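Some notes on the structure that comes next.
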Amino acid sequence: MAKRISLHEFQAGLARRLAEARDTRASALLGIQAGHRHWLLDLTEAGEILAVPPLATVPLGATWFRGLASVRGNLFGVVDFAAFHGDAPTPAAGHARLLLVGVRHDLNCALLVSRALGLRQIEDFEVLSAAHDADQPWIGDELRDSRGIHWTRLRVSELLKHSRFLDAAAQS
Numbered sequence: 253m254a255k256r257i258s259l260h261e262f263q264a265g266l267a268r269r270l271a272e273a274r275d276t277r278a279s280a281l282l283g284i285q286a287g288h289r290h291w292l293l294d295l296t297e298a299g300e301i302l303a304v305p306p307l308a309t310v311p312l313g314a315t316w317f318r319g320l321a322s323v324r325g326n327l328f329g330v331v332d333f334a335a336f337h338g339d340a341p342t343p344a345a346g347h348a349r350l351l352l353v354g355v356r357h358d359l360n361c362a363l364l365v366s367r368a369l370g371l372r373q374i375e376d377f378e379v380l381s382a383a384h385d386a387d388q389p390w391i392g393d394e395l396r397d398s399r400g401i402h403w404t405r406l407r408v409s410e411l412l413k414h415s416r417f418l419d420a421a422a423q424s
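At position 68 of the sequence shown (counting the first as 1) the number is 320 in our numbering, and the numbers step up by one without a gap.
Laid out in structure tokens, this is it:
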């Protein structure tokens, strides 16, 4: 026979579990790879991760602006995050993924990344340097994990409001 608990005990337990889930989500990071660089972003700033759908090219766009993707009937501008940083373009096949980072900020924007590397905990990293580049404010701290891999924190909100990111027109 199932154990009976009072409504008060049930509500208290539920509130405790919800608080624990919020704490875990707030301290969790999503690892992605764009080109040869590893990035970490707060899970609260990460959006949905999708296989890359067909992309519609946009004429006269910057080389790093890969075009538009239709996701459940909504159009998303797709930025090749590796190419945005001057690396080789990311092939939109294999392990490549779209990360819908703009939804939380009311922007239909997605980053094309080489692969999603899964969830990480901040406690698993050692801070190497606190980066504060005025020209690229979306680049955060440089970190190293226990295997010696270097990671960079991505400040999504800083990226999404930067004029260089918002100007996807080809430069003449």
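Even glycine gets a Cβ: it sits at the ideal position worked out from N, Cα and C.
Predicted model, so just to flag it, every value in this text is computed and none were measured.
For residue i, tell me which candidate among the options has the shortest Cα-Cα distance.
| i | options | result |
| --- | --- | --- |
| Arg367 | Arg268, Glu261, Leu282 and Ala286 | Ala286 |
| Leu293 | Ala420, His260 and Leu411 | Leu411 |
| Arg324 | Glu300, Phe336, Leu312 and Ser415 | Glu300 |
| Leu359 | Gly265, Ser409, Ala308 and Gln423 | Ser409 |
| Arg399 | His290, Gly265, Pro311 and Ala280 | His290 |
| Ala422 | Leu302, Ser381, Leu312 and Gly338 | Leu312 |
With respect to the beta strand (DSSP E) encompassing residue i, which residues constitute its N-terminal and C-terminal limits?
| i | result |
| --- | --- |
| Ala280 | Ala280 to Ala286 |
| Ser366 | Segment: none, Ser366 is in no beta strand (DSSP E) and carries neither H nor E. |
| Glu378 | Phe377 to Ser381 |
| Leu350 | Arg349 to Leu351 |
From residue i to residue j, what distance separates their C-alpha atoms?
| i | j | result |
| --- | --- | --- |
| Leu295 | Leu351 | 12 Å |
| Pro306 | Glu261 | 50 Å |
| Leu395 | His384 | 14 Å |
| Glu375 | Ala348 | 27 Å |
| Arg407 | His414 | 11 Å |
| Pro389 | His288 | 20 Å |
| Val355 | Arg256 | 42 Å |
| Phe377 | Asp397 | 5 Å |
| Thr309 | Phe328 | 12 Å |
| Phe336 | Ala344 | 15 Å |
Near residue i, which residues of its chain fall below 8 Å by C-beta distance, leaving aside the five closest residues on each side in sequence?
| i | result |
| --- | --- |
| Val331 | Trp316, Phe317, Arg318, Cys361, Ala362, Leu363, Leu364, Phe417 and Ala420 |
Around the C-beta of residue i, are 16 or more other C-beta atoms found within 10 angstroms, so that it is buried, or is it exposed?
| i | result |
| --- | --- |
| Arg372 | buried |
| Ala321 | buried |
| Leu259 | exposed |
| Leu282 | buried |
| Arg268 | exposed |
| Arg405 | buried |
| Gly392 | buried |
| Gln263 | exposed |
What residue range does the alpha helix (DSSP H) around residue i cover?
| i | result |
| --- | --- |
| Glu300 | Neither: Glu300 is in no alpha helix (DSSP H) and is coded neither H nor E. |
| Val408 | Val408 to Lys413 |
| Ala321 | Where Ala321 is concerned, there is no enclosing alpha helix (DSSP H), although the beta strand (DSSP E) it sits in stretches over Phe317 to Val323. |
Got a sec? Which residues, its chain only, sit under 6 Å from residue i by beta carbon, not counting five neighbours each side?
| i | result |
| --- | --- |
| Thr342 | Asp332, Ala334, Ala348, Leu364 and Ser366 |
| His402 | Arg396 |
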